[in-house]
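So the sequences go chain by chain: A and B.
With this note's numbering, the residue at position 57 of the first sequence is 57, and numbering never jumps.
Whatever position you read off the second sequence (first residue = 1), add 115 for this note's numbering.
Here the structure comes first, spelled out in structure tokens, and everything after it is commentary.
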Amino acid sequence: MTSTDPAAFFRELLGEWEKMANKVGGDFARSDEFTRAMHGATAATMSTQEAISAMMARALAAANMPSRTEIEDLSGRLGRIEDQLARIEAALGARPERPARPKPSRTRKPPEKKG
Amino acid sequence: MATAAFDVLDGAAREFERAMQRNLKGLEYFQTSGPTLGATPKDVLIERGTMRLYHYHPRTDDVYRVPLLLVMATTNRGYIFDMVPGQSLVEYLLDAGFDVFMLDWDAPRADERTLSLESYVLDFLPAAVARVKAESGEDDVTVVAYCFGGVLSLLWAALHPDSGLANLVTFTTPVDFSKMEMFQSWADRRFFDVDRLIDTFGNCPGDYLYTAFDMLRPGQRAAGNIRLYDNLWNDDFVKSYRMFDRWSADILPLAGEYFRQTTKKLMWGNELLDGTLEVGGRRVDLANIDVPFLHVAAEHDHIVPTAASAPLVGMVGSKDKNEIMLKGGHVSLVAGGNAVKRLWPNLVEWLGVRST
Numbered sequence: 001m002t003s004t005d006p007a008a009f010f011r012e013l014l015g016e017w018e019k020m021a022n023k024v025g026g027d028f029a030r031s032d033e034f035t036r037a038m039h040g041a042t043a044a045t046m047s048t049q050e051a052i053s054a055m056m057a058r059a060l061a062a063a064n065m066p067s068r069t070e071i072e073d074l075s076g077r078l079g080r081i082e083d084q085l086a087r088i089e090a091a092l093g094a095r096p097e098r099p100a101r102p103k104p105s106r107t108r109k110p111p112e113k114k115g
Numbered sequence: 116m117a118t119a120a121f122d123v124l125d126g127a128a129r130e131f132e133r134a135m136q137r138n139l140k141g142l143e144y145f146q147t148s149g150p151t152l153g154a155t156p157k158d159v160l161i162e163r164g165t166m167r168l169y170h171y172h173p174r175t176d177d178v179y180r181v182p183l184l185l186v187m188a189t190t191n192r193g194y195i196f197d198m199v200p201g202q203s204l205v206e207y208l209l210d211a212g213f214d215v216f217m218l219d220w221d222a223p224r225a226d227e228r229t230l231s232l233e234s235y236v237l238d239f240l241p242a243a244v245a246r247v248k249a250e251s252g253e254d255d256v257t258v259v260a261y262c263f264g265g266v267l268s269l270l271w272a273a274l275h276p277d278s279g280l281a282n283l284v285t286f287t288t289p290v291d292f293s294k295m296e297m298f299q300s301w302a303d304r305r306f307f308d309v310d311r312l313i314d315t316f317g318n319c320p321g322d323y324l325y326t327a328f329d330m331l332r333p334g335q336r337a338a339g340n341i342r343l344y345d346n347l348w349n350d351d352f353v354k355s356y357r358m359f360d361r362w363s364a365d366i367l368p369l370a371g372e373y374f375r376q377t378t379k380k381l382m383w384g385n386e387l388l389d390g391t392l393e394v395g396g397r398r399v400d401l402a403n404i405d406v407p408f409l410h411v412a413a414e415h416d417h418i419v420p421t422a423a424s425a426p427l428v429g430m431v432g433s434k435d436k437n438e439i440m441l442k443g444g445h446v447s448l449v450a451g452g453n454a455v456k457r458l459w460p461n462l463v464e465w466l467g468v469r470s471t
């Protein structure tokens, strides 16, 4: 049955276009050419990132400032200290204060199956 | 003929009304930030680096004896299980009488680039399970895991047969990575230098993963935006669109070593399927899992195609094991209107008789 509603026709058309775009685009995205181009672009981004990182590290060292890597290392050491503290707290049974709530009983049974 | 003319006039009037509403609500769309997600009341039990363990406040006076731990995939946020009231799996489980915990993830810090599969399988999961046991006072725990959270849970369960696992449920969990065709193409080792990526960035950037997920369905974003405009008059549609759009854009970076290992061992080596995967120097054999097991697959899953999870049930050693295939996609399987009707009731029924 043909719809007389142009809006419904447009929605149907959109659904068909989406299916087609997913199929055609998906087939292309699966191809060697696309994968090579995608990773080529990623490699270019990485090269830029590496060059900027090296340049920034040199500039920061010249200004006697810590580099991003050094800050990250410090943050990592702090993180590991926090993790160790958390483990020690857990081992000692120390728990942060939480408002007391009544604990439910644990005797629930599944409902009887109907019919 | 008269009826057709009436239909056209009727349709034109409706579209005119909707166009008016679109203009009014379109303005509102850009002025508001969308619904608050993940707001079911909870306590944070563990907050350690990327790891988060939540305990949701029970909503019934009597709960099933066995506590339930949801394990989220490492690429996404756990609020997919707790969208808004009425569309929250967490709330649904609490109302059904379960004591619910969730192992969720935050973006790994730069210094967490050294986290590995071992960190997740031999540290985070056992720590979460131990805390759930301590908090509930029970010796056994049910684990319900989504996507790659399922892979981690399988590895943990296979390597810890005496961990007190009561039941294991996995949603859309791949074991045959050769069948994840699109990801296989992009991870092709002829072109993809995973070592350089991780050595350069430390962690695998979230943007990189977001683009990969987005490209799985190249037409979806454009069509979705047009559909949003078309449905701006419909508050329910807009609310749902905003929830899912926000969640799907909220992709987490992956810890560097962990990403390197999963690429080499699973995407390239398919070691889980071959039975050669080692974690922490121990061989993973899914036949060691002997607790009641359920896998739920989605018929139209474009991220984990059903072929990628098909061998799973056969590999698990349990006698009580089953797979169900439900209508829906990778996300609509677990959240939204489809999940409320299909997955959630099935899950509660399956777990109820196994949680006393």
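The C-beta atom is built at its ideal place from N, Cα and C for all residues, glycine as well.
Distances from the alpha-carbon of Ile-439 (chain B) to those of B:Glu-414, B:Glu-143, B:Glu-227, B:Val-431 put B:Glu-414 closest. Taking C-beta atoms as the reference points, Lys-294 (chain B) and Pro-200 (chain B) fail to come closer than 8 Å.
The alpha-carbon of Thr-287 (chain B) is positioned some 33 Å away from that of Ala-86 (chain A). Under the 8 Å criterion on CB atoms, Thr-155 (chain B) is classed as non-interfacial with respect to chain A.
Near chain A, meaning a CB-to-CB distance below 8 Å, the residues of the region 176-195 of chain B are Asp-176, Asp-177, Val-178, Tyr-179, Arg-180.
In the three-state scheme derived from DSSP, where H, G and I count as helix and E and B as strand, Met-358 (chain B) is classed as helix. Collapsing the DSSP output to three states places Asn-340 (chain B) in a helix. Apart from sequence neighbours up to five positions away, no residue of its chain approaches Asp-308 (chain B) with a beta-carbon distance below 8 Å. In the DSSP assignment, Ala-51 (chain A) falls within the unbroken alpha helix (DSSP H) covering 32-62. If you check the CB distance, Ala-281 (chain B) and Val-181 (chain B) come in under 8 Å.
With respect to chain A, the C-beta atom of Val-353 (chain B) has no partner C-beta closer than 8 Å. Each of B:Tyr-344, B:Trp-362, B:Gln-136, B:Asp-255 was checked against the Cα of Pro-407 (chain B), and the nearest Cα belongs to B:Asp-255. Here Leu-160 (chain B) is near Arg-246 (chain B), since their CB atoms are less than 8 Å apart. For Ser-75 (chain A), the three-state secondary structure derived from DSSP is helix.
Remark: C-beta atoms of Pro-241 (chain B) and Trp-220 (chain B) do not approach each other more closely than 8 Å.
Around the C-beta of His-39 (chain A), 16 or more other C-beta atoms lie within 10 Å, and the residue is accordingly described as buried. Shown here, Lys-442 (chain B) sits in coil according to DSSP, grouped into three states, outside any helix or strand.
At least one C-beta of chain A is nearer than 8 Å to the C-beta of Phe-307 (chain B).
The Cβ atoms of Phe-216 (chain B) and Tyr-169 (chain B) sit closer than 8 Å to each other.
Between Tyr-179 (chain B) and Thr-155 (chain B) the beta-carbon gap is near 18 Å, outside 8 Å, which marks them as no contact.
A direct Cα-to-Cα measurement between Glu-70 (chain A) and Tyr-344 (chain B) gives close to 48 Å. Less than 8 Å divides the Cβ of Phe-263 (chain B) from the Cβ of Thr-190 (chain B). Annotated as proximal: Val-353 (chain B) and Tyr-144 (chain B), with beta-carbon spacing under 8 Å.
Note that the C-beta distance between Tyr-323 (chain B) and Ala-364 (chain B) is not below 8 Å. Around the C-beta of Glu-206 (chain B), 16 or more other C-beta atoms lie within 10 Å, and the residue is accordingly described as buried. Within chain A, not a single residue places a beta-carbon under 9 Å from that of Trp-220 (chain B); the smallest gap is close to 15 Å. DSSP places Met-217 (chain B) in the strand class (E or B) of the three-state scheme.
DSSP, read as helix, strand or coil, puts Ile-161 (chain B) in strand.
For Thr-257 (chain B), the enclosing beta strand (DSSP E) has its first and last residue at 256-261.
Pro-66 (chain A) is outside the set of residues whose beta carbon lies under 8 Å from a beta carbon in chain B. Rounded to whole angstroms, the Cβ separation of Ser-424 (chain B) and Pro-289 (chain B) is 6 Å, and the two are in contact under 8 Å.
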